[in-house]
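Heads up: the structure comes next, in structure tokens.
Protein chains: 2
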Amino acid sequence: MARINDHYLKLGAGYLFPEISQRVRLFEEQHSDAKIIRMGIGDVVLPLGQSVRDAMHRAVDELGTAEGFRGYGPEQGYAFLREAIAEHEFRACGVEISPDEIFVSDGSKCDSANIQEIFAVQARVAVPDPVYPVYVDSNVMAGRSGPRDDDGRYQGILYLPCTEANGFLPQPPGEAVDLVYLCSPNNPTGSVATHDMLAAWVAYARNCGAIILFDAAYEAYITQEDLPHSIFEIPGAREVAIEFRSFSKKAGFTGLRCAYLVVPKELEGIDAQGNAVSIHSLWSRRHSTKFNGASYPVQAGAASIYSEQGRAEVQASIDYYLANAKIIREGLSSLGLRVFGGVNAPYVWATTPDGVGSWDFFDRLLEQAHVVGTPGAGFGAQGEGYLRLSAFAQRDQVEEAIVRMRERMRL
Amino acid sequence: MARINDHYLKLGAGYLFPEISQRVRLFEEQHSDAKIIRMGIGDVVLPLGQSVRDAMHRAVDELGTAEGFRGYGPEQGYAFLREAIAEHEFRACGVEISPDEIFVSDGSKCDSANIQEIFAVQARVAVPDPVYPVYVDSNVMAGRSGPRDDDGRYQGILYLPCTEANGFLPQPPGEAVDLVYLCSPNNPTGSVATHDMLAAWVAYARNCGAIILFDAAYEAYITQEDLPHSIFEIPGAREVAIEFRSFSKKAGFTGLRCAYLVVPKELEGIDAQGNAVSIHSLWSRRHSTKFNGASYPVQAGAASIYSEQGRAEVQASIDYYLANAKIIREGLSSLGLRVFGGVNAPYVWATTPDGVGSWDFFDRLLEQAHVVGTPGAGFGAQGEGYLRLSAFAQRDQVEEAIVRMRERMRL
């Protein structure tokens, strides 16, 4: 029989979110009358903006005409979208990114799972702990780890603890790695790296030859003016970093699917002979060989968020979710939990009460308040003792969740 | 510096189709007045059907309402689409496929590139020659080959020659492999495997424990009644095969992006200890970890092709392209070229005249007739001496291409 990829067998049970869905489904089957409030998966809930819908309708109509029909688009994304991104996401912040350094895709989950393919199996990987599970799982699948320990950590991967002591943001380690994943604003903790912190990471990467895989999927939620939105705001980052961006959380595209990767042309790795190799050309080969472009009407919708109306709609929904985050923060805080994040990020990271385990607290929250959170331990060993609540919910649901927690739970 | 994946350096220059685009772009720059006819990339040209557009408009409108908004969908695809596929693509042909054996994706290019990930790097791979380049390139990138020979073949991969003598369809080899890619109706040669041929492959796979990766992206173009549309029409195939299907060529979705993979639950591989492992569960883990579902409006559009009106629209466009294929066949034949395919497939495979190399013939066709084909050699060593012409073009363009070849070229 065909030999399978044994590295898959090292993986823990299920991918975190399907596991949560499974538990919720089970609970629902047993409690069909429970009105469940979902603040687990970070999934937007507000209706899609008018600009995006108008642009998508126009694109669909266009495809219905002989002159307007388009088949395969450029694998890297349409120029109209890449140019709009370069202009509005980067030039507007004083960062020069060329449109051909932007690779449009169908989602940051895919991008952050696929990026490791262009690096050696021997590459040493560092990840924050807690962390978005895709970074780790994709590397385990590719064989960059040993087996899984009892605490859910994989041998061979360097975990960078993010604790209350360091503000839930990792510092550069004392050893060299090849690849390091950073996420700011952070999923799951909601913390944001300052300019100085990112500068320390860029200096580290330049010093030891590491490549920073910088996930900025939540940058639109930054409210404080002095915080960096892109790692490319840091001088010298173009030689050491790749950045992930997404329309999912910024513009409600979780069901539409559109994201992009920024790969600067200066970025290089080395081959087995020690020759420098352009990472841009490697990724370009990967992207054009294994991907066929994002859906055209979706790209048209994505570009529409940069119109005046589009920008206003996007900002209104971000403001809405951030106001939710404030309610969650204040609510949990008034219940005696310690809370973090939620100011420059759509996630609130809260301690569980009295050292209750985070899966236990997840279950209690579901059973007593009928509220779905995400257990911190699902993001890594250092997430034990925490729960992530997502601000991506309807306002009345957020308010109701806090009321239920106050009334039905002993916290 | 970070170590790259050295296997990428084994790859030939560019992926085939970007290479063709590059040559065409160069020619256009030098001949801005040339009216180029594109029959190279197999890309649909007819406007998107009314049913699909209506369904997509409805879905976009739905996303604009509080009640109708949907964020992340199930990674495997919406039940409404998977059920429609099971019913109309399989049950209607007497094949029982459960909806949860169907994994909806954003394209067959991705599926056929990604499927190898769940198998061991040591797995021995067989491919037809000529072949869709993605099968080979994705395995080379993963390290399942040695270096590339001068004829473009990679050491370690078993090539199954498809020649005029065997009707351009490979027979099972005399040795065991782990994975074998088959494509019927075939891209690039346009040939179709009979029931007996597929039965021989299923017997081979059952006998030596191989898994058949069956690409049926063009099944909708089969016109002869006795030819199989799915490998699952062959008894015993559920234990040895995975099937790729796509909405791209069937319903004009190349720019919309929707496809699916069928992974039967009976299918197993073995791990290093010799234990049987479910391929369905491995792919399920891969799919849910690295992919976030296809775009919702696109899935809604895909499901609409199974309505009465949708079916009629799909059939009308297939008939149109097949009529093109007939014109190409007859035209090239009248010019003295030998032609194959184009009866149950949208591709015509033609000999180049007088032993001209296929890239040379590609260039002559472009320069003299301003027609873009695809050089057979781009699909593999055995494609040398052939050219693929795609029937995915406007009727007047197809007719004009034949006229130009007759008038401007000495064939």
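Residue numbers (our numbering), protein chains in the order written: chain P, 1 to 411; chain R, 1001 to 1411.
We treat Cβ as the ideally placed atom computed from N, Cα and C, and that holds for glycine.
Every value quoted in this text rests on a predicted model; they were computed, and no experiment measured them.
Find the residues of chain R that neighbour residue i, judging by a C-beta separation of less than 7 Å, and give them in chain order.
i        : result
Val60/P  : Arg1053, Met1056 and His1057
Thr189/P : The premise fails here: Thr189/P is roughly 21 Å from chain R at the closest Cβ pair, so nothing lies under 7 Å.
Met39/P  : Residues of chain R passing the Cβ test: none, with the nearest at roughly 13 Å.
Thr5/P   : Before going further, note that residue 5/P is Asn rather than Thr in the sequence given. The contacting residues are Glu1117, Ile1118, Phe1119 and Ala1120.
Thr65/P  : Pro1047
Asp271/P : Ile1004, Asp1006 and Leu1009
Val268/P : Inspection of the sequence shows that residue 268/P is occupied by Glu rather than by Val. Ordered by position in chain R, the residues that pass the 7 Å Cβ test against Glu268/P are Met1001.
Val277/P : Ile1004
Asp43/P  : Gly1071 and Tyr1072
Flag this pair as yes or no: are the beta carbons of residue i and residue j separated by less than 9 Å?
i         : j         : result
Val1202/R : Gly1167/R : no
Gly1342/R : Arg1406/R : no
Leu1415/R : Val60/P   : It is not possible to answer for residue 1415/R, since the shown part of chain R is limited to 1001 through 1411.
Ala241/P  : Pro264/P  : yes
Leu1179/R : Leu1213/R : yes
Cys1162/R : Asn1187/R : no
Ala2/P    : Ile1211/R : yes
Trp359/P  : Gly378/P  : yes
Ala1193/R : Leu1182/R : yes
Met197/P  : Gln155/P  : no
Gly293/P  : Gly77/P   : yes
Glu367/P  : Gly376/P  : no
Val1177/R : Asn5/P    : no
Ala393/P  : Met39/P   : yes
Glu1243/R : Ile1231/R : yes
Ile402/P  : Trp283/P  : no
His370/P  : Ile37/P   : yes
Gly1073/R : Tyr1306/R : no
Tyr321/P  : Pro346/P  : yes
Ala123/P  : Arg153/P  : no
Buried or exposed: where does residue i fall if 16 or more other Cβ atoms within 10 Å of its Cβ makes it buried?
i         : result
Pro1228/R : buried
Thr1374/R : buried
Ala1272/R : exposed
Gln1309/R : exposed
Arg338/P  : exposed
Lys1035/R : exposed
Pro1147/R : exposed
Leu26/P   : exposed
Thr1254/R : buried
Phe1080/R : exposed
His1031/R : exposed
Gln50/P   : exposed
Glu89/P   : buried
Asp215/P  : buried
Ala302/P  : buried
His1195/R : exposed
Arg1285/R : buried
Thr65/P   : exposed
Which chain R residues are close to residue i, counting only those with a beta carbon under 8 Å from its beta carbon?
i        : result
Leu213/P : Those do not exist, as Leu213/P stays about 10 Å from chain R at its closest Cβ, beyond 8 Å.
Phe103/P : Here the premise fails: no neighbours, minimum Cβ distance about 14 Å.
Cys110/P : Lys1290, Phe1291 and Asn1292
Return the Cβ separation of residue i and residue j in integer angstroms, given the expectation that the two are a contact with Cβ distance under 8 Å.
i         : j         : result
Val1262/R : Ile1102/R : 6 Å
Val1127/R : Ile1157/R : 6 Å
Val134/P  : Ser112/P  : 5 Å
Val1104/R : Tyr1218/R : Between Tyr1218/R and Val1104/R the Cβ distance is about 19 Å, and since that is not below 8 Å, they are no contact.
Ile327/P  : Val372/P  : Not quite, the Cβ-Cβ distance comes to about 17 Å (not below 8 Å), so this is no contact.
Ile222/P  : Asn344/P  : 5 Å
Can you list the residues of chain P that residue i reaches, using a CB-CB cut of under 7 Å?
i         : result
Ser1304/R : Here the premise fails: no neighbours, minimum Cβ distance about 12 Å.
Arg1153/R : Ordered by position in chain P, no residue passes the 7 Å Cβ test against Arg1153/R, which lies about 17 Å from the chain.
At a CB-CB cut-off below 9 Å, which residues of chain R make contact with residue i?
i        : result
Asp100/P : None at all; the shortest Cβ gap to chain R is about 13 Å.
Arg70/P  : Thr1254 and Gly1255
Which chain P residues sit within Cβ distance under 9 Å of residue i?
i         : result
Arg1257/R : Asp106, Arg257, Asn292, Gly293, Ala294, Ser295, Tyr296 and Val298
Residues of chain P with a CB under 8 Å from the CB of residue i: which are they?
i         : result
Asn1453/R : Limits of chain R in this structure are 1001 at one end and 1411 at the other, which puts residue 1453/R out of reach.
Any residues in the stretch 283–294 of chain P with a beta carbon nearer than 8 Å to a beta carbon of chain R? Which ones, in chain order?
Per Cβ criterion, the list reads Arg285, Arg286, Ser288, Thr289, Lys290, Phe291, Asn292, Gly293 and Ala294.
If contact means a Cβ-Cβ distance below 8 Å, which residues of the stretch 1174–1186 of chain R contact chain P?
Under the 8 Å Cβ criterion, the stretch 1174–1186 of chain R contributes Asp1178 and Leu1179.
Given a limit of 7 Å on CB to CB distance, which residues of the stretch 1195–1228 of chain R reach chain P?
Within the stretch 1195–1228 of chain R, the qualifying residues are Gly1209, Ala1210 and Ile1211.
Under 9 Å (Cβ pairs) to chain P, residues found in the stretch 1131–1160 of chain R:
If you check each beta-carbon in the stretch 1131–1160 of chain R against every beta-carbon of chain P, the ones closer than 9 Å belong to Pro1133, Val1134, Asp1137, Ser1138, Met1141, Ala1142 and Gly1143.
For the stretch 73–90 of chain P, which residues have a CB atom closer than 8 Å to at least one CB atom of chain R, in sequence order?
Result list: Gly73 and Glu75.
Between the stretch 315–347 of chain P and chain R, which residues of the former have CB atoms less than 7 Å from a CB of the latter, in chain order?
So the list is empty, because no residue satisfies the distance condition.
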